[in-house]
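Chains as they are written, first to last, in our numbering: chain A, 991 to 1160; chain B, 7 to 150.
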Amino acid sequence: MRISQALPRLGSSTRAKETMILFWVGGFSFAVAATAVDEIREVTGLQEFPSRLAKVTHTLERQGRHYFVVDAARHFRLMAADSTRLMVLRNSPVAVIVDAIDRMQEIQSIHALPEGFHGEERIWYRGLTLLKGKVVPVVRPDTFLTKAEITLLNAALRAKASMKALGAMA
Amino acid sequence: MIELATNCETFVLFPLGKKRFALPARQVSELARQDERQTFPHTTPLLTGVVLRRNQIVPVADIAPLLVGPEAPERKFYLVINRQTKGKSSRTAVPVTGDCELANAERLPVTGKLPPYVCGLLSLHDEIVEVLDFERLMAAEVRA
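What follows is the structure in structure tokens.
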């Protein structure tokens, strides 16, 4: 049986070529704008940093700056897997641990997330893109950590540095 | 001679396991074979992924566990439903377990204790079919 009715025009999409970095987390593929990533590196040289945020357990010191390392699996509420790469974000004190980097790819358009989705994914994603028939969410890089979370973590980092300095004096 | 009831509406009857449910036909845009369902991380209850239908990305809402429990048999088709969410038109694909049917029937008021997402009953021969309010069904899941 097939029922056909006039379909409303649905789903807006933004048409503009944009280069994406495709990466894997927990068996899922994601895309992030290449312009949002400063460096992709191995997961080495991290310092432990216990914080109130379960997804941030380490920091990275790079070129005199501290980066808070976000576990992407925890951010997207996925099962932890073998994380092999660190994406250091541009213009942000955030680095993201991911399972693997897939490739760079130019995309033609980003489709709005369908209205039926109303959970945290509305914050996480700019929208969805289609790559050879596969639906891939396009991540908003500035949502791995909010400004408030960065403020909180910066305060904790300063407190840790003060404790270390006091320990050295004693 | 066929006798037509005065307040007849057209409904799409769809099976979920041994039970059938109804939706007003005006809400249903198509019935399609199961396309490849794709998924990505999200936190919206009931949604199990998306399918591509006519170059659109359509979310899939699997309501079977909610309506007939976890033992619902394999879903074979999608019923694609037109929705109005926050004033915007959207579509949602609902997996169903078998062939669907169109029926003209009078919607009877709900009697007895039924879930809030049942907005009417259809009396069809020896079967009583619950008419679903899809928006309330989805909202009920959100509240649960």
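Beta carbons: idealized from backbone N, C-alpha and C, even for Gly.
Keep in mind the model is a prediction, meaning the values are calculated, not measured.
query                                                                                                              : result
Entirely enclosed beta strand (DSSP E) segments - the segment 17-70 of chain B, minimum 3 residues                 : 25-30, 34-39, 53-59, 62-67
Coarse secondary structure for A/T1025, derived from DSSP in three states                                          : helix
Where B/D105 sits in the DSSP three-state scheme                                                                   : coil
For A/H1065, the three-state DSSP class (helix, strand or coil)                                                    : helix
Beta-carbon proximity list for A/K1137, same chain, < 8 Å, skipping 5 on both sides                                : none
CB contact check: B/A145 to chain A, cutoff 8 Å                                                                    : no
Spatial neighbours of A/T1133 in its chain, beta-carbon cut-off 6 Å, leaving aside the 5 residues before and after : I1113, W1114
Within-8 Å CB hit, A/P998 to chain B                                                                               : For A/P998, the pLDDT reaches just 41, beneath the cut-off of 50, and the residue's location in the model is therefore unreliable, leaving the point undetermined.
Min CB distance B/I116 to chain A below 8 Å                                                                        : One point to set straight first is that residue 116 of chain B is Val, not Ile, in the sequence displayed. It does not: the Cβ of B/V116 has no partner Cβ on chain A nearer than 8 Å.
Test item: CB-CB of A/F1066 and A/V1015 under 8 Å                                                                  : yes
Beta strand (DSSP E) segment containing A/E1051, residue limits                                                    : 1046-1052
Start and end residues, beta strand (DSSP E) containing A/E1111                                                    : That residue, A/E1111, is in no beta strand (DSSP E); its alpha helix (DSSP H) goes 1111-1114.
Proximity to B/E77 [Cα-Cα], best of B/D139, B/T117, B/K25                                                          : B/K25
Beta-carbon separation (whole angstroms), B/L127 vs B/E141, contact threshold 8 Å                                  : Not a contact, Cβ separation roughly 19 Å.
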